[in-house]
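Heads up, the sequence shown is in numbering that gives the first Met the number 0, so the first residue is 0 and it goes up one at a time.
No residue lacks a Cβ here, since even glycine has one placed at the ideal position from N, Cα and C.
Let me begin by presenting the structure, written as structure tokens, before commenting on it.
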Amino acid sequence: MGNSGNSCLKGGSRLSSQLCKRIIPCLDVDNGVTVKGVKFGNLRKIGDPVELAVLYEQQGADELTFLDISASRDERATLVKLVQEVAHVLSIPFTVGGGVGSLDDVKQILASGADKVSINTSAVSRPALIEEIATACGSQCCVVAIDARKISTSTGNGPNWEVLVKGGSVSTGRDALQWAIECVERGAGEILLTSWDKDGTLEGFDLEMVRTFSELLSVPVIASGGARDAGSFIDVFTQGKADAALAASIFHDAQWTIGAIKNELNKAGVAVRLC
Numbered sequence: 000m001g002n003s004g005n006s007c008l009k010g011g012s013r014l015s016s017q018l019c020k021r022i023i024p025c026l027d028v029d030n031g032v033t034v035k036g037v038k039f040g041n042l043r044k045i046g047d048p049v050e051l052a053v054l055y056e057q058q059g060a061d062e063l064t065f066l067d068i069s070a071s072r073d074e075r076a077t078l079v080k081l082v083q084e085v086a087h088v089l090s091i092p093f094t095v096g097g098g099v100g101s102l103d104d105v106k107q108i109l110a111s112g113a114d115k116v117s118i119n120t121s122a123v124s125r126p127a128l129i130e131e132i133a134t135a136c137g138s139q140c141c142v143v144a145i146d147a148r149k150i151s152t153s154t155g156n157g158p159n160w161e162v163l164v165k166g167g168s169v170s171t172g173r174d175a176l177q178w179a180i181e182c183v184e185r186g187a188g189e190i191l192l193t194s195w196d197k198d199g200t201l202e203g204f205d206l207e208m209v210r211t212f213s214e215l216l217s218v219p220v221i222a223s224g225g226a227r228d229a230g231s232f233i234d235v236f237t238q239g240k241a242d243a244a245l246a247a248s249i250f251h252d253a254q255w256t257i258g259a260i261k262n263e264l265n266k267a268g269v270a271v272r273l274c
């Protein structure tokens, strides 16, 4: 597997041979307001993205992801001014996605303070964009987000997953695993893998999907969709073999703090960065 390059502290001692697992809160932003839904629908308002960014960094977030979820659907650019405001209050790595359709968009977002840019719909529409970003800005800046839904198969070879685009509203019929392989070959530095089936359900991550992708891909896989409690994070890191886990609902609703999740991970022997 790939890695984030972060050294790690566990139980007070440095683990030079073990890389930290990352906890990444996600801000799904719709028209400037942080929202959260279930399976990409029934959105409810959560709060101000800037205030939440400050809170999550204070709690010990390793990174923050900001997704302008209505940008692709509405066919508009990312909210750059809001990205600048969030970047201004952060000192941790910051990934921005939504409405990124060209290399110029990527450069503008990076210039606004983001460390990485996440692409989804635009990459499916024009895969060469991945290579353009990797060449011009470096693979470490290029995160390809894959929203995947489980589909039944008649071959008996186990489940497959298809790619969804435009905020999960459009099925592509494209095999998600093969698409992920292509993205890595084209230069993607990370894959943000979201389970449509688990999104917002609080049922736990899709361990089978995450493990399948993590074992096959040579770059870090960020698991997303279904985070329930500390146990679900332990499972996705140990059974799912994810490099990072992204969550929203349990943090937005104050069911768990990031620090509390990390304490439980540390107790379970999972290497994390402790504050």
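Own chain, CB closer than 6 Å to residue i, minus 5 neighbours either side, in chain order
i    : result
I150 : N159, E161
Q139 : G188
F250 : P24
E131 : L102
A133 : C141, G186
S168 : none
DSSP state of residue i mapped onto helix, strand, coil
i    : result
L26  : strand
G137 : coil
I150 : strand
G188 : coil
D234 : helix
W160 : strand
R210 : helix
A253 : coil
V88  : coil
L215 : helix
L128 : helix
V32  : strand
D205 : coil
D67  : strand
D174 : strand
S168 : coil
K44  : strand
T200 : coil
K275 : Shown here, the chain extends from 0 to 274; a query on residue 275 therefore has no answer.
L51  : helix
G258 : helix
Sequence-distant residues of its chain with Cβ nearer than 7 Å to residue i (five each side left out)
i    : result
H87  : G112
V49  : E84, V85, V88
S213 : M0, V220, G239, K240, A241
A247 : P24, C25, D27, K35
G59  : I257, G258, K261, C274
A135 : L102
V218 : G1, V183, A187, G188, E189, I190
Test item: CB-CB of residue i and residue j under 9 Å
i    : j    : result
L206 : D234 : yes
T64  : L26  : yes
V22  : I260 : At residue 22 the sequence reads Ile, which differs from the Val that was named. Contact flag set, yes.
S69  : G199 : no
A270 : T237 : no
T193 : A147 : yes
L245 : S223 : yes
A229 : L273 : no
V164 : C141 : no
S170 : G203 : no
G137 : I118 : no
D67  : L78  : yes
Through-space distance from residue j to residue i, alpha-carbon basis
i    : j    : result
R227 : V34  : 18 Å
A52  : I221 : 19 Å
I108 : K240 : 30 Å
D114 : K80  : 16 Å
E62  : D104 : 21 Å
W255 : T211 : 28 Å
F93  : G172 : 31 Å
D174 : G100 : 22 Å
L176 : D252 : 32 Å
K197 : G225 : 5 Å
K106 : E184 : 22 Å
D29  : I180 : 30 Å
W195 : M208 : 11 Å
D178 : S124 : Per the sequence shown, the amino acid found at residue 178 is Trp instead of Asp. Roughly 12 Å between the two C-alpha positions.
K20  : G98  : 28 Å
Residue i CB to nearest heavy atom of the ligand MN below 8 Å
i    : result
L273 : The ligand MN is absent from the structure shown, which contains no ligand whatsoever.
8 Å Cβ shell around residue i - same chain, five flanking residues per side excluded
i    : result
C182 : A122, P126, I129, V143, I145, I190
G31  : P48, L78, L81
S90  : E56
A110 : none
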